[in-house]
Each structure stands twice: as structure tokens, then as C-alpha cells.
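Before any comments, here is the structure.
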DNA sequence: CCACATTAGAAGGTAAACCTTATTTTCACA
DNA sequence: TGTGAAAATAAGGTTTACCTTCTAATGTGG
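Residue numbers (the numbering used here), protein chains in the order written: chain A, 1304 to 1525; chain B, 1304 to 1525.
What follows is the structure in C-alpha cells.
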């Protein structure tokens, strides 16, 4: 019944593993449990099941990491989610901040034929509304590579390329501040340490905390 | 997590109950079990759970029937399914015969906001690709009311308005025979009893069994 | 009117994915 | 190098939705 042959729960674990660790580094159980809102014991149990099924490998006291097989499924799930997001936002004009959640429900119920057709319908978009890449082949990235906004120099002009945080509240907040993907901003002020950044936008100003700036990818603007 | 608050299984039971019995007549457990491909014992168990939750009523040795509450959910599920079907067929250009199955997966993963937006996006279609009505308010029908093709007279011209059978094989067969919703056909020949009907189409002829003709709704053509 | 098929219900079992509570192992760091 | 936090394992429990096997009730057709 499940399109990919894996349960919804399994797909969520694999997706989170991919997002948190790419396929490079192992991910700590606690981190995964936190993200999936389950206890570490539950996560441990499930991860061992995935390990038994050859979808992840386990390095004790280090974490779990996707295998080739696991990565493949994870990529697919991410692809489905991000395509649905694009559809919900671009075609149905729904709020991007909330679209992630809805896309996440749809992603588990989408047959391969449907997702291929959707991809074509949307004309093969490169990224989701948050700017994250939509993987199409096995070795595509699932994560932008941009420099974080928190690394910018004072006076520098950068373009916002991706938001890493998926929390609807955070995304709504950024929206309200006038920050959007593609937007060019310049850094006006930035105190030492963990102090907030002041940005000049096309029309107005915005102040955002360092922690948030750490989740915003950028690229240099000429 | 589930959009409507009911599990996928519950939604399937309610939907089937609506399709098989409307909200008028009780449906036999065996019939439901057959449709859902579970044992009668399982169906019985589940139906009692639904009864306990006030979604259906039970008339022993007669069957189960939707309550007001159950009907509301059933309508909603049917609405979601048929809107997705329209999307898959009209926008994604997928095969109508297989779209039903895909829509049935999506229907359980669709939030109200999404379905409303989809409805608007599709410009409030009146029917699904098989010609069945898409309910929008509590007292809309979920079933066409057309006269069955098997009731047609020899020489009569009728327009095909809905296919009641959802089996992909059957739908593919009809497609191959050149029968489509909206198509006008005339009955050329029809033997007695259960013998097949011979139809004249716009371009060609088709012969279909009486049983199949019993699942095809029509309307008179002037 | 009675037998037989349908329907109902009882008892017990499975698998997935959670949970809690408790104990043990390991790593890192002070 | 010892200790405390993090990680792992153990043991037992829950819910949902299935399953099988068996028995009991019922209503209708011959």
C-alpha cells in the first residue's frame, strides 16, 4: 500500500537522517529523537530495526548513518516533499510556512508515477520554496552549500538563498521581517558574540538574532 | 497527525459505507469486508469500534449504516478523493483508470486547507473523471442518478454520464472499447436476459456484457 | 418448519511503533 | 583518572488493525 514499500515512520527516520547528517556523518540518536518527537528509547529501537534491514549502519556511541539503500529512499522522500511544497506554494498559493507540514503528509502517500508527473507539471523546479535543492539523481545534494548569514561581514551585500529551519513559526517570523528567498540584504550592524544582526532590506530594516542567522544560507552579491 | 482526526482505515470503512449504502440503507458486513479485502471478522470488529464511536449504527443481522457524524466524514473523504482524481487526470495527465488508486492514497493525507485550495485551483469541478459527483455540502449526492445503460431501449441514443465500477481493469477495458464519459452511443442490439449489448459509437462499435452495462450511468439524448 | 448459509461474537495471536522505568556501558573532560 | 552525562540495553506495556479458529444465534428459502 505504501508507495515506496516503507512505512511512514520509516520514511520519516530516513529523511531526518539525511537532513541531519547528509550521508556523510553519523547522527546521534538523541538528535533524531528530538527531531522526530519520540523518546530516545523508541528511536533506538527503530534505528536498530532499520539497521537490521540494511538501511542504516550503527557506530555505537557515535550514531547512525544511512547506507546506500537508505540514502536512496531518503532522497526520494525529500524529493517528494519538496515537489509537493512547490505545488502547494506556487499553484495553490498556500502559506509557505505551513506548506512544509502539509507536504510532509502528502510525501508518504505519493506513488512514483505521480511524483514524476508532478515534477514535469511544475517544470522541474530546482529548489523548494525555502531554497533547498530538489534532488533528482542519486548524487544530488539535499542541502544548500551557501555561506551562513552569520558569517557575513559588515557592509557586505548578500542574497538569501535558503532557510534551513523548517519550523513554521520561524518561517512566519522571517516572512514578517520581510526576509524572503532571493532577497538581497546588506549587513548594517553586528555586535560581537551572539548579538543580533541589523540588516538593510530593499524597503526597510530587519534585526535578527545570531542563532537565526546561523540557519540562513546566502551567496555573495557582486 | 491525520488531517481529519480519523485513521486511514477508519476513513476507508466510512467511505465504503457511503459508496455502498449511501446514508439510506444499511450495508452488510460481508459486502464491506469484500470491498475492503479483509475478513468478515475483522470488518465486524472495526465496525463495532465505529459504532462505539458514534460513526455508524448497527442493526443486527441487517448491516451497518452511517450516522450523521459518520456521513460527514465519509462525504469529506469522497470529496478529497475525487478532487485529487481530477487533478491527477486533468493536470498531471495521468491515466484515469489508475488515478483512482493514487487519489485514494492522497485522500488520507490531505489537510482541509489543502483540499479547499485544490478545489479552487481546479475551479470547483462538479464531477470526478468517472462522472461521479463531488460533494460540497452535507446534502449533496455522492452518487449519480442516471439510468443504467442496461435499461436502454434498442435504437435509443444515450450519453454516458458515469462509471460506477472503480476497478482499474474494468476502466481500462471501457477505455479500450472507446467508451468515455460524455460520449453519446446508440444501442444497436441487445439480446434477451444477460446477453451483451452492441453499441454504435461516434467512430466504431463496441460490445459489452450486461453486467458491465449495469454499472454505467446514462442520460437520454434528445 | 427446519436446515443451512449468513451473521455475530468469543478467544487468542501477530506486527508496528510507540511508551515508561530501570540498569549498564562508554566516552569525554575536568 | 575518575565521574557524570549520553548512549545502549532490558523488560514490560499500550493501541490499532489485522489475522485464525471456533461456537452460537438468526432469518430466510425450499
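Even glycine gets a Cβ: it sits at the ideal position worked out from N, Cα and C.
For residue 1361/A, the enclosing beta strand (DSSP E) covers residues 1359 to 1362.
Put simply, the CB of residue 1420/A is near chain B, with a gap under 8 angstroms to one of its CB atoms. The Cβ atoms of residue 1335/B and residue 1346/B sit closer than 8 angstroms to each other.
For residue 1440/A, the closest of 1331/A, 1377/A, 1458/A by C-alpha to C-alpha distance is 1377/A. The three-state secondary structure of residue 1366/B, taken from DSSP, is strand. Close to chain B, meaning a Cβ-Cβ distance shorter than 7 angstroms, are the following residues of the segment 1370 to 1393 of chain A: 1391. At a beta-carbon threshold of 7 angstroms, none of the residues of chain B lie near residue 1341/A; the nearest stands roughly 13 angstroms away. Around the beta carbon of residue 1342/A, fewer than 16 other beta carbons lie within 10 angstroms, which makes this residue exposed. Taking the Cβ atoms as the reference, residue 1445/B lies roughly 6 angstroms from residue 1321/B, within the contact range of under 8 angstroms.
Against chain B, the CB of residue 1317/A has no partner CB under 8 angstroms away; the residue lies outside that interface. A direct Cα-to-Cα measurement between residue 1401/B and residue 1382/B gives close to 18 angstroms.
Residue contact with chain A for residue 1334/B: absent (no Cβ-Cβ distance below 8 angstroms to any residue of chain A). Bounds of the alpha helix (DSSP H) holding residue 1424/A are 1415 to 1424. As a beta-bridge residue in DSSP terms, residue 1501/B pairs with 1492/B, 1510/B. Spanning the alpha carbons of residue 1315/A and residue 1324/B requires a straight line of approximately 37 angstroms.
Relative to residue 1429/B, the option among 1398/B, 1390/B, 1417/B, 1457/B whose CA is nearest is 1390/B.
Nearest CB-CB separation between residue 1416/A and chain B: below the 8 angstroms threshold. For residue 1460/A, the closest alpha carbon among the candidates 1339/A, 1385/A, 1340/A, 1522/A is that of 1522/A.
Per DSSP, residue 1522/B is one residue of the beta strand (DSSP E) stretching across 1519 to 1523. With respect to chain A, the C-beta atom of residue 1466/B has no partner C-beta closer than 8 angstroms.
The C-beta of residue 1361/A comes no closer than 8 angstroms to any C-beta of chain B. For residue 1382/A, the enclosing alpha helix (DSSP H) stretches over residues 1371 to 1389. Judged by DSSP in its simplified three-state form, residue 1445/A adopts coil rather than helix or strand. The alpha-carbon of residue 1507/B is positioned some 37 angstroms away from that of residue 1318/B.
Where residue 1464/B is concerned, the enclosing beta strand (DSSP E) starts and stops at 1460 to 1466.
Close partners of residue 1424/B in chain A (Cβ separation under 9 angstroms): 1394, 1395, 1396. Counting only Cβ-Cβ distances below 7 angstroms, residue 1412/A has contacts in chain B at 1408, 1409, 1411, 1412, in chain order.
If the five residues before and after residue 1471/B are omitted, its C-beta is found closer than 8 angstroms to the C-beta atoms of 1400, 1401, 1403, 1404, all from its own chain and listed in chain order.
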